[in-house]
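Protein chains: 2
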Amino acid sequence: MKEPQASREMTRAEVIGLLRRHGITPTQQRVEIGRVLFARTQHVSAEDVLARVGDQGSPVSKATVYNTLGLFADKGLLREVVVDPTRRFYDTNLEPHHHIYYTDTGELQDIVIDGLRLGHVPQLPEDAEVEGVDVIIRARRQPNR
Amino acid sequence: MKEPQASREMTRAEVIGLLRRHGITPTQQRVEIGRVLFARTQHVSAEDVLARVGDQGSPVSKATVYNTLGLFADKGLLREVVVDPTRRFYDTNLEPHHHIYYTDTGELQDIVIDGLRLGHVPQLPEDAEVEGVDVIIRARRQPNR
DNA sequence: TTGGGTGCAAACTATTTGCATTCGA
DNA sequence: TCGAATGCAAATAGTTTGCACCCAA
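If you're matching them up, the sequences are chains A and B in order. Following my numbering, the residues of the first sequence are numbered contiguously, the last one being 145. Following my numbering, the residues of the second sequence are numbered contiguously, the last one being 1145.
Here you go:
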């Protein structure tokens, strides 16, 4: 289930294969969005994607960008990161990892925390199923405010 | 700096004292909102607060609820919890703790994780200042979907 | 009294939805 | 061909803002 996190732009054919393997019909717009997304490991908002697909290649509507990001996240091609109540971020890095969020700059960084250990979690009901654990370190670059 | 987390409704006078100690001018509406909030440990959205101050006591406008929640959070009377991209939650529990978020029910629960240890975090720049660490366990009550 | 606080409505932002059109298989 | 996907605009939800009035100190 591990997908290549290419550091170069993927070809259209590669994106199409990637989408197919995840049960997603590869349409023009989705492939276009996929090329922008999977060119490298990154964190994007819908706004980012919208701006970049407008630049290079054919334009994609706002609604389609939103729908596509949601679809990709559902199908496991993206991980949604909830750090900012005002907008959604999506992470193309699917490896287990956590995040540093710089509250002053809005910058989001991946980190791997070696020593993270979740000890006993007694309050979890037996029938509950854990979907994931998010760890977010909130920091600021400038001291004070 | 530790404040009493009363399990009973605070009197108006107690709320006024609490606000004053945090440098907040105690106005009628703020005291009203404070009584709703600090009656017990809880997680609330602006909508929750709006509904409850409408029920008991004098009505408070939507704008004032939003402004007041933001102010209380700034002044350290509430902790903002970012778990849901669609709305902000505020936690009256100021003790260090983490959260379980049930994605299917929208329920938010406090937990204390004994064994949580953040190991080496090499990627943090030296000049960066950590504001806090959020740990959110995403779970669902119903198996599967 | 007087500057901060409030109420109301309007503005705003991010996201979602409805529906006619277009496109992939 | 035919149902799924798209584009557009309008709708929605949560939150913020502008401004005249009001009240806590």
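Glycine included, every Cβ here is placed at the ideal spot set by N, Cα and C.
Here A:Leu-37 carries a helix assignment [DSSP, helix/strand/coil]. Between A:Thr-41 and A:Asn-93, the CB-CB gap stays under 7 Å. In this chain, the beta strand (DSSP E) harbouring B:Arg-1079 covers 1079-1084. Legend: CB atoms of the segment 68-80 of chain A lying less than 9 Å from CB atoms of chain B belong to residues Glu-80. Rounded to whole angstroms, the gap between the alpha carbons of A:Arg-20 and B:Gln-1029 is 56 Å.
Residue burial is scored here from C-beta neighbours: B:Ala-1013 has fewer than 16 other C-beta atoms within 10 angstroms and is therefore classed as exposed.
Residue contact with chain A for B:Pro-1085: present (Cβ-Cβ distance below 7 Å to some residue of chain A). If you compare the alpha carbons of B:Pro-1125, B:Ala-1128, B:Leu-1124 and B:Thr-1103 with that of B:Ile-1136, the shortest gap goes to B:Thr-1103. Residue pairing by DSSP leaves B:Val-1031 without any beta bridge partner. Residue pairing by DSSP places B:Phe-1072 in no beta bridge whatsoever. Residue contact check for B:Gly-1023 against chain A: no CB pair falls below 7 Å. In chain order, Glu-1003, Met-1010, Gly-1034, Phe-1038 and Leu-1077 place their CB closer than 8 Å to the CB of B:Leu-1018, counting only its own chain and leaving out the 5 sequence neighbours on each side. Separation of A:Asp-91 and A:Val-49 (C-alpha to C-alpha, rounded to the nearest whole angstrom) is 12 Å. A:Glu-129 is bridged by DSSP to B:Arg-1140.
A direct Cα-Cα distance of roughly 36 Å separates B:Ser-1058 from B:Glu-1131.
Annotated as distal: B:Pro-1085 and A:Val-60, with beta-carbon spacing of 7 Å or more. Rounded to whole angstroms, A:Ser-45 and A:His-97 show a C-alpha spacing of 19 Å. Closer than 7 Å to the CB of B:Gly-1106 there is not a single CB belonging to chain A.
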